[in-house]
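K.L.:
Using the numbering used here, you'd call the opening residue of the sequence shown number 896 and step up by one each time. In this text, a Cβ means the ideal position worked out from N, Cα and C, and glycines have one as well. Provided herewith is a single structure, encoded as C-alpha cells, for subsequent inquiry.
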Amino acid sequence: MSLLIIEMGILAWIKKILGISNMEKKINIILFGPPGSGKGTQAAKLVEQYDLLHISTGDLFRHEIGNKTPLGLKAKEYISKGQLVPDTVTIGMLKNKVDANPDVKGFIFDGFPRTIAQAAALDEYLASQGESVSKLIALDVDESEIVTRLLKRGETSGRADDQDASVIKNRIAVYKAETAIVFDHYAKKDLSKSIKGIGTIDEIFNRLSQAIDSI
Ligand code: AMP
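Here you go:
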C-alpha cells in the first residue's frame, strides 16, 4: 500500500516537471449538417476564433484524389456517385490525421462522422486518449436551399459531385439514411445542438460561437 502511494507521488512529481499535471482536455467539435449546409465556410471562421484544427474528410479525400494515391483512387469511385467511402478507409484516414497533430487545442470535425460506426470509432479513439467529443453542432438548412446552394457552388468549386443533380440527390438521400442518426447518437449523451443554418455568414457564425462558448 505504502509503495503504491510512493509510486503515485513520483508519477505526480514527473507530471509536474513535464508540465502536464493540469493539462486541459481538448475541444472537439463535430460540425454537422447535410452537404451544402455551410460547414466548410463556418469551419474556416471557427479555426481563426478558437485556434482549433479543421479536419474535413471530404478535403482529405480530394487531396488524395489530386495526388492520385491508391486511397484517392478508391475514394473517387464512391465520391463520384455520391456514395460514402467505406468506413474502414475513412476511419483509418481520420485517425492518421488526428495522430499527426497531437499538440493542437482541439479539432473541428467537418463531414465526419457520417455513420454510426464512424461515431463509435471516434468515441472509442478519443476515449483511448483521455479525450471525448465536446459537442455536435448541426446546421439546419432545408432541402430545397441545399440543392440550390450545391448547384451554385458547382459553378465555381470544380467539384464534379456538385455539378450533377442526380449525384446531389444521392448525397442527400445518403445523408438522410445513414448520417442524420449520428445527431441522435450524440443527443443521447446530451451533446447535440441544432442551430439555424440560414442567414448571413456572420449571423450563423454568432450562433455557432454561442453554442461553443457554452461548452
Ligand atoms: P464533403 O466534402 O464532406 O461533401 O464530402 C465529399 C464526399 O466525400 C462525400 O460525398 C463522400 O463521398 C466522401 N466523404 C467525405 N467524408 C466522408 C465520411 N466521413 N465517410 C464516408 N465518405 C465521406
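1) Under three-state DSSP, which class holds residue 916?
2) Inspect the beta-carbon positions of residue 1032 and residue 930 and report whether they are closer than 8 Å.
3) How is residue 940 classed by DSSP in three states: helix, strand or coil?
4) Report yes or no: do the region 994-1005 and the region 964-974 share at least 3 C-beta pairs separated by less than 8 Å?
5) From the DSSP output, read off the bridge partner residues of residue 1030.
6) Taking the Cβ atom as the reference point for each residue, do residue 1011 and residue 1077 lie within a distance shorter than 8 Å?
7) Is it right to say residue 938 is buried, meaning 16 or more other beta carbons lie within 10 angstroms of its own, or is it exposed?
P.N.:
Working from what's here:
1) Taking the first residue of the sequence shown as 1, we reach residue 916 at position 21. Per-residue confidence for residue 916 stands at a pLDDT of 46, beneath the threshold of 50, marking its modelled position as unreliable; no derived number is given.
2) The sequence position of residue 1032 within the sequence shown is 137, counting from 1. The sequence position of residue 930 within the sequence shown is 35, counting from 1. Cβ atoms of residue 1032 and residue 930: not closer than 8 Å.
3) By one-based count along the sequence shown, residue 940 stands at place 45. Three-state result, residue 940: helix.
4) These segments do not touch.
5) The sequence position of residue 1030 within the sequence shown is 135, counting from 1. Note: residue 1030 sits in a beta bridge opposite 924.
6) As a working mapping, residue 1011 is identified with position 116 in the sequence shown. As a working mapping, residue 1077 is identified with position 182 in the sequence shown. Yes, the pair counts as a contact, with Cβ atoms nearer than the cut-off.
7) Along the sequence shown, one-based indexing puts residue 938 at 43. Burial call: buried.
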